[in-house]
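Taking it in order: structure first as C-alpha cells, then the write-up.
Numbering (the working numbering), first residue to last: 354 to 668.
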C-alpha cells in the first residue's frame, strides 16, 4: 500500500476558488485531502482563490485532484491552465468542462444526440417574457446557465413573477435559461470512467422538503432524504443509467461526473437536467453515497478518481 501511495507522488487538492460555490468546495477539498492522506498519499490542499497560478507551478505537484465547483474551477479555465503547466488533473478536460458548465450548450448537444431534456428558451433583456410563458407554459424554471448548486434559480408559477425571476438570474449571467417545469421525482446518476468504459453507479433519489432542493437543503439541512439505490423498476433504473452515461459521453466527460435527472410523473419518462463535471464531495454529497451502495468507501473513491488524473491534450 505504501508503494502504491508513493506512486502518486506529490498531490495537490485544488479547492476553495472564487465562485459562488466556494464554501462547498472548501468542504469537498478538506474531505478529499483527509481521505487521500489516510491512504498514505502525500496530499496537500491548495486554495486557488487565495493563491496564484505561479504558486501552483512552484509547488511542483505530480498530479492534482480538482475539488472546485463552479466558475474558475469546473468551467474549463483551470483545466486549460493545468494543460499549459503540464500538471495531470482529475475529471473532464477543457471542452467537456466548459460545455458541461453551460446549461444552454449542454442542452444543444444533448438534443443533437437525441437525448431527452426539458424544452427551453434563452432570454436576454429584450426577450418577450409573456411569449416565452405562452410557449413553454407555467410553471417555469429560470436559471443562470453558468452557476451550480441551484444558485440564482427561481420557480415561476404566475406570469406576474416572470420579470423578478429573470432579474435574479440575469444578475449572475449574461443570458438566462427559461426551462419548462417537469413535475415528478428527482434523481441523480453518478458516472465513473471514460468513453466505452464509463459506468453508472446506483441511482439516487432526492426528496427535499416541499420539493425544494436548494442550496441550504443540498449542503446544510438534514431534512432532505436520499434513497440509494432508488426504488424504481429494474428497467426504469437501467434506462436512467443508460441515458446518464450517454449524456456524459456526448459531452466528452471523463474521470467522474454526476448527471441530474427528473422522472415525469404523468408518463414515467426521464429527462436530463444537467451534468456536474466536478461534483460535491461533502458529507451530504451524492457521488460518495452512490459509491457506498456498491461497497466503495469514500477513501477508495477518492483514490480511484485520483488514479484517473491525466493530461487530456495529445502531445
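Glycine included, C-beta positions come from ideal geometry on N, C-alpha and C.
Asked, Found
"Under a three-way DSSP split, which group does residue 411 fall into?", "helix"
"Determine the closest residue to residue 478 out of 453, 510, 471 and 524, with distance taken between C-alpha atoms.", "524"
"Pairs of beta-carbons, one from the stretch 598-610 and one from the stretch 579-588, closer than 8 Å: are there three or more?", "no"
"What does DSSP give as the partner residue(s) for residue 507 in the beta ladder?", "495"
"What's the gap between the Cα of residue 379 and the Cα of residue 579?", "23 Å"
"Can you grab the Cα-Cα spacing for the pair residue 409 / residue 554, in whole Å?", "33 Å"
"Which value, in whole angstroms, describes the spacing of the CA atoms of residue 431 and residue 499?", "15 Å"
"Could you check which residue in 657, 428 and 443 has the C-alpha nearest to that of residue 371?", "428"
"Tell me whether residue 484 sits in a helix, a strand or coil according to DSSP, three-state version.", "helix"
"By alpha-carbon positions, which one of 357, 596, 389 and 614 ends up nearest to residue 467?", "596"
"Are there 16 or more other CB atoms within 10 angstroms of the CB of residue 566, so buried, or fewer, so exposed?", "Here residue 566 scores only 44 on pLDDT, less than 50, and its place in the model is too uncertain to base an answer on."
"Would you give the residue range spanned by the beta strand (DSSP E) that residue 473 belongs to?", "473-476"
"When the Cα atoms are used, what is the spatial distance from residue 485 to residue 624?", "20 Å"
"Determine the contact status of residue 667 and residue 446, defining contact as a CB-CB distance below 8 Å.", "no"
"Report the start-end ranges of each alpha helix (DSSP H) in the stretch 593-623 that is 4 residues or longer and not cut off at the edges.", "none"
"Checking the sheet assignment: what are the DSSP bridge partners for residue 367?", "399 and 419"
"If the criterion is Cβ atoms closer than 8 Å, does the pair residue 473 and residue 530 meet it?", "yes"
"Rounded to whole angstroms, what's the CA-CA distance from residue 558 to residue 541? Just pull it up for me.", "7 Å"
"Going by DSSP, what residues sit across from residue 542 in a beta bridge?", "612"
"Report buried or exposed for residue 536, applying the criterion of at least 16 other Cβ atoms within 10 angstroms of its Cβ.", "exposed"
"Quick one, are the C-beta atoms of residue 544 and residue 598 less than 8 Å apart?", "yes"
"In angstroms, rounded to a whole number, what distance separates the CA positions of residue 662 and residue 448?", "16 Å"
"Using a threshold of 8 Å, state whether the C-beta atoms of residue 452 and residue 462 are closer than that.", "yes"
"Given a threshold of 16 other Cβ atoms within 10 Å of its Cβ, counted over all protein chains shown, does residue 357 qualify as buried or as exposed?", "exposed"
"Pull up the DSSP beta-bridge partners for residue 578, would you.", "560"
"If I measure Cβ to Cβ from residue 426 and keep anything under 6 Å in the same chain, skipping five residues before and after, which residues do I get?", "370"
"Touching or not, the stretch 500-514 and the stretch 639-659, by the rule of three or more beta carbon pairs under 8 Å?", "no"
"Can you look up residue 427 in the DSSP assignment and give me helix, strand or coil?", "coil"
"Specify the secondary structure class of residue 567 as computed by DSSP and reduced to three states.", "Here residue 567 scores only 49 on pLDDT, less than 50, and its place in the model is too uncertain to base an answer on."
"Whole angstroms are fine: how far does the CA of residue 440 sit from the CA of residue 460?", "31 Å"
"Based on DSSP bridge pairs, tell me the residues matched to residue 374.", "Residue 374 pairs with nothing; no bridge assigned."
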